[in-house]
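The sequence shown: position 194 = 187 (this note's numbering), numbered continuously. Backbone N, C-alpha and C fix where the C-beta goes; we use that ideal spot for every residue, glycine too. All values reported here derive from a predicted model rather than from experimental measurement. Worksheet for the structure shown next.
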Amino acid sequence: MLEKHRDFFRDFRGDTIHPSTLEVMHELGVLDELLRLPHQRMVKGTARFGGRVVGMADFSRLRTRCGFIAMMPQWDFLDFLAKCARRFAGFRMRMGTEVTGLVFEGDRVVGVEARGAEGRLEVRAGLVVGADGRGSVVRACAGLEVIDSGAPIDVLWFRVARRRDDPAEVSGTYHVSAGQFMVLIDRDAYWQCAYVIRKGSFAERQRRGLEAFRGDVARCVPLLADRVGDIRDWEDVKLLSVRVDHLRRWHREGLLCIGDAAHAMSPIAGVGINLAIQDAVAAANLLAGGLREGALRSKDLAAVQRRREGPARMIQRFQILMHRRLLERIFDSPGLIRPPLFMRLADWFPRLQGLAACTVGVGLRPEHVATVGAAGRARG
């Protein structure tokens, strides 16, 4: 496992661990250990349109072991996964080691070139798995074709102080005001804020000035009005350029891309990490035998794409629909918009919130651990 950075600490990573991922953690025998880490539990997903709160998803209705989304800093989750992986004698992890290229023998990928603290190195493998995100070096070096579905938004990340008497239900709620959309994530001592803007409009906001931006934030979430001064300068505001794209082909001989490297997701509904984990579980189930026998074939890699491409593409279509039917309407309106019909219906008929929770929290094709895991169990 090669990780470019020396640690997992990134403020712009999402914090949502969905019920499908928690189910996988149970099947690996580590769920109780995971849930001992500090986290919050989001049972219901809501949107706030000015003073009106609309229910969107009710995860308590799911027939899963955990009827909630665990809100946990992603660096804690990744540290936890790395700790669990180190229990296996064959696992090696090199932090601060950046992949710079692929190693080929003919048309087959047989390893990667990388750069670490000790200089350049070459790592060879029976299979290279590219899980290096939306800016994937692996997929670029492999020459895999990227199809851009378009994303009309970017996200500005920043933090403001959280107070002990702040209402817990603010976390994870969609906050909508005139021309604005924002989500707050509870990081205990502070709120991690995701402020959604029209793509390419960050420079214009900077030209308007920091004070105007602070005012926008205060109008969008009035709770923060007395602490927007925590945004001291533009260095405190990080731009995440959103992309929604997918590979026409996720693989070539000796190489497989998964997660955002195969299908970059919008941050809408926070499903990216959970889809990536579903990809990983499917890949393990389908490829473990061939890897163990040293007889992995291209058709085995194609089977992973066949299984996972449909669910990923359907969620991307849902995200694009949300961009167009909700976010673009918000950006275009000089006043507060009315909640879209699908949100009003979910609010009026709570059973629909269970359907929304299943789509977001479980997914369209949930994967289960079929290989022998840490607990020595197998499940189909």
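- The beta carbon of Arg300 lies closer than 6 Å to those of Ala275 in the same chain, with the five residues before and after it left out.
- Annotated three-state conformation of Gly282 is helix, per DSSP.
- Counting along the chain, Phe81 sits inside no alpha helix (DSSP H), nor does DSSP assign it H or E at all.
- Taking 8 Å as the upper bound for CB-CB distance, Glu111 and Val96 are not in contact here, some 18 Å apart.
- For Arg207, the enclosing alpha helix (DSSP H) covers residues Leu203 to Cys213.
- Per DSSP, Val92 lies in no alpha helix (DSSP H) segment; the continuous beta strand (DSSP E) that holds it begins and ends at Glu91 to Glu98.
- With the rule of 3 Cβ pairs closer than 8 Å, the segment 311 to 318 does not count as touching the segment 278 to 286.
- A Cβ-Cβ contact shorter than 7 Å links Val92 with Val130.
- Residue pairing from DSSP places Met175 in a beta bridge opposite His168 and Tyr188.
- Only buried fits Leu15, as 16 or more other CB atoms lie within 10 angstroms of its CB.
- In the three-state scheme derived from DSSP, where H, G and I count as helix and E and B as strand, Arg41 is classed as strand.
- In chain order, Thr39 and Arg41 place their CB closer than 6 Å to the CB of Thr166, counting only its own chain and leaving out the 5 sequence neighbours on each side.
- In the DSSP assignment, Phe311 falls within the unbroken alpha helix (DSSP H) covering Ser291 to Met315.
- It is roughly 15 Å from the alpha-carbon of Cys250 to the alpha-carbon of Gly303.
- About 13 Å separates the beta carbon of Ala171 from that of Gly44, a gap too long to meet the 8 Å contact definition.
- According to the DSSP assignment, Leu248 belongs to the beta strand (DSSP E) that extends over Leu248 to Cys250.
- Counting along the chain, the unbroken alpha helix (DSSP H) around Ala349 starts and ends at Pro343 to Gly354.
- For Phe52, no beta strand (DSSP E) segment is defined, and its DSSP state is neither H nor E.
- Annotation: Ile323 to Ser194 spans about 15 Å, alpha carbon to alpha carbon.
- Judged by beta-carbon spacing, Leu248 lies within the 7 Å limit of Ala135, meaning their Cβ atoms are closer than that value.
- Between Gln33 and Asp179 the beta-carbon gap is near 5 Å, inside 8 Å, which marks them as a contact.
- About 13 Å separates the beta carbons of Arg236 and Arg132, which is beyond the 8 Å limit, so they are not a contact pair.
- Scanning the segment 110 to 175 from its first residue to its last, the whole beta strand (DSSP E) runs of 3-plus residues come out as 112 to 117, 121 to 123, 139 to 141, 146 to 154 and 167 to 170.
- Pairing Ser164 with Arg156, the inter-Cα distance amounts to about 13 Å.
- No residue range can be given for Arg318, since it is assigned to no beta strand (DSSP E) and is classified by DSSP as neither H nor E.
- Counting every other CB atom within 10 Å of its CB across the protein chains shown gives Asp25 a total below 16, marking it as exposed.
- Within the same chain, Cβ atoms closer than 8 Å to the Cβ of Asp141 are found at Arg236, Val237 and Asp238, the five residues on either side in sequence being excluded.
- By the CB criterion at 7 Å, Val355 and Ser53 fall outside the cutoff.
- Classified as exposed, Gly202 has fewer than 16 neighbouring CB atoms from the shown chains inside 10 Å of its CB.
- If you draw a straight line from the Cα of Gly22 to the Cα of Leu30, it is about 15 Å long.
- Listed in chain order, the non-local C-beta contacts of His19 below 7 Å within the same chain comprise Arg58, local neighbours out to five positions each way being set aside.
- For His19, the enclosing alpha helix (DSSP H) covers residues Pro12 to Glu20.
- Taking Val189 as reference, the option from Val210, Tyr183 and Arg200 with the minimal CA-CA separation is Val210.
- Lys231 is bridged by DSSP to Trp150.
- In the structure shown, Met(-6) falls within a coil segment according to DSSP collapsed to helix, strand and coil.
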